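Here is the structure we will look at, set down as structure tokens.
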Amino acid sequence: MPINNRIADFHDEMTEWRRDFHTHPEIGLEEVRTSAIVAEKLASWGIEVHREIGVTGVVGVLRGNGSGTGTIGLRADMDALPMDEEGDVPYKSQIPGRMHACGHDGHTTMLLGAAKYLAETKNFDGTVHFIFQPAEEGRGGAKKMVEDGLFERFPCDSIFGIHNAPHMPAGTMAFRGGPILASADRATMTVHGKGAHAARPHDGVDPIAVGVQLYQAVQTVVSRNTDPLKSVVMSITQFHAGTANNVIPATAQLIASIRTFDTEVQDMVERRLTELCDGVGRMYGARVELEYLRGVPPTVNDIDEATFAAEVGEALVGADKVDREPAQAMGSEDFSIMLAKRPGAFVWLGGGAPGKDYGLHHPKYDFNDEALPVGASFFAKLVETKLPRG
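Reminder that position 156 of the sequence shown reads as 157 in the numbering used here, one-by-one numbering, no gaps.
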């Protein structure tokens, strides 16, 4: 597996870092231990450290040799998920209800590996910003860092992020220009009816019956209101109502997850859900309250930067191990918020291996440590290629 020789020298050290993070997972905006370790390591390598960017975020600043003014941002997420680990690895999570099930322990480690190497060699001309982001898993970490002045305080001409991909063989990479991941919105529809005794339904307005009609109605947003050449997924994932067998409740609640690659589709879905909630409620004598929360926008890679990143990837692992047209995925990533502010690319790094076939967010998932030097080498090569010495 082609990797930077110097980075290969501390593969074992990186593995120790990663497994330590895995043993001590912290969820979004609570990454106190993780961010402290990151800051300590960066400082020990002579990198300028800034803490508490977006609550628990860390940014390291490293200037290369020369007088170049170019800047580049490299981002890794640090948070774990609020779930129990079911694996039996020696470095299993020691914190109940917390687990690194998405590989952010690996992402953090790869960026640390690149930082250590670049601090030693400084074989570039310009400035690198190592961005260690908190709270990617639904707690708005990227937004908080941006609102905290990330790009004003640490200018980036371009920015890049990596996500491990257990469905791809280790040592492979995938790059795609344009939309690569979907948006993630949440719609909460609360039906306000009128409670009654189960033996006297005519005395009330049954919110469950209204909710069932609403469930059927919202399916037409995808099947009849969306351009068939555009993608959208709307899944009703929760339906809550009632507490007793002999009581018709006063309220019911439906919650939906909505994902698309197109902001115009986002707007259409929100508009149609508003209309349907109002119409279905009126039709059955109830009131339906809609709370529509925009989560993260689609992750859209800059075409030129994605092409550049793919060329760097091919130079690192070989063209035969690079996919330039991977399928889009309906998952989401709040790195999209950073990409909406600066051109860049979000790339996939293969981490699949025999016996490690559990997918992301599975309670037995474990990052493949063989991918660590590949990701670190890619980050480093991005910098040395983007900011070459004269």
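Ideal Cβ placement from N, Cα and C applies to all residues, glycine included. Quick caveat: nothing in here was measured; it's all calculated off a predicted structure.
Take residue i and list the residues in its own chain whose beta-carbon comes closer than 6 Å to its own, dropping the five residues that flank it on each side.
i	result
G47	A120
L182	T300, A330, G332, S333, E334
H108	A77, D78
Q156	Note that residue 156 corresponds to Pro in the displayed sequence, not to Gln. Only T72 meet the Cβ criterion.
S94	P26, E86, M100
A136	G29, L30, D80, G142
G104	N165, F368
T275	L291
I4	P374, V375, S378
Please state whether the Cβ-Cβ distance between residue i and residue j is less than 7 Å.
i	j	result
V192	P202	no
L317	S232	no
E49	V33	no
F438	L383	Here the chain comprises residues numbered 2 to 391, so residue 438 is not present and cannot be evaluated.
F176	V313	no
P180	F262	yes
D186	R273	no
V219	L277	yes
F99	P26	Here residue 99 turns out to be Arg, not Phe, going by the sequence shown. The answer is yes: Cβ separation under 7 Å.
K123	N66	yes
A9	P374	yes
A257	I237	yes
A115	F336	no
A372	A242	no
D106	F22	yes
T16	Y92	no
I304	K144	no
S184	P298	yes
E306	P355	no
G205	N302	no
R64	T128	yes
G88	K365	yes
Between which residues of its own chain and residue i is the CB-CB distance below 7 Å, once the five residues before and five after are set aside?
i	result
G376	M111, I163, L350
R288	H193, G282
H363	A102
A311	F176, V323, R325
P97	D85
P83	I28, G98, R99
E271	Y293
L113	W18, V39, K42
L388	G65, G69, G71, I73, F125, D126, G127
T386	V313
P327	A175, R177, W349
K342	V147, F152
Per DSSP, residue i is paired with what?
i	result
N165	L350
P250	In DSSP, P250 forms no bridge with anything.
M235	I259
F131	G61, L75
I338	In DSSP, I338 forms no bridge with anything.
F240	L255
K382	Paired residues: none, contrary to the question.
S159	I73
L82	M100
R357	One point to set straight first is that residue 357 is Lys, not Arg, in the sequence displayed. A354, per the DSSP bridge assignment.
G345	I160
A330	L182
Looking at the ligand FAD, does it come within less than 6 Å of residue i, judged from the CB to the closest heavy atom?
i	result
N369	This structure simply doesn't include the ligand FAD, nor any ligand for that matter.
Using C-beta distances below 8 Å, list every residue in its chain close to residue i, excluding the 5 sequence neighbours before and after it, in chain order.
i	result
K357	P167, D367, N369
A210	Y285
A199	N246, N247, V248, I249
R7	Y118, E121, T122
So residue i packs on residue j, CB below 8 Å; how close in whole Å?
i	j	result
L255	Q239	7 Å
G391	D126	6 Å
R60	F152	In the sequence under discussion, the amino acid at residue 60 is Val, which differs from the Arg named in the question. No, V60 and F152 are not in contact; Cβ-Cβ is about 11 Å, not under 8 Å.
I54	M146	5 Å
S36	T70	Actually they do not touch by this definition, with Cβ atoms about 29 Å apart.
G360	M169	Not quite, the Cβ-Cβ distance comes to about 12 Å (not below 8 Å), so this is no contact.
A251	G212	Going by Cβ atoms, the distance from A251 to G212 rounds to 12 Å, so no, they are not a contact pair.
G266	T221	The residue asked about is misnamed: residue 266 is Val in this sequence, not Gly. So it is not a contact: roughly 15 Å between Cβ atoms.
A188	I259	6 Å
Runs of alpha helix (DSSP H) lying entirely within the stretch 259 to 300, each at least 4 residues, in chain order: Taking only runs of at least 4 residues, the alpha helix (DSSP H) segments lying wholly in the stretch 259 to 300 are 264 to 284.
Would you mind listing the alpha helix (DSSP H) stretches within the stretch 300 to 326 that are 4+ residues and don't spill past its ends, in chain order? 304 to 318
Residue ranges of each beta strand (DSSP E) within the stretch 169 to 223, 3 or longer: 179 to 182, 185 to 193
Enumerated in chain order, which unbroken segments of the alpha helix (DSSP H) with a length of 4 residues or greater are wholly contained in the stretch 29 to 74? Complete alpha helix (DSSP H) runs here, min 4: 33 to 45.
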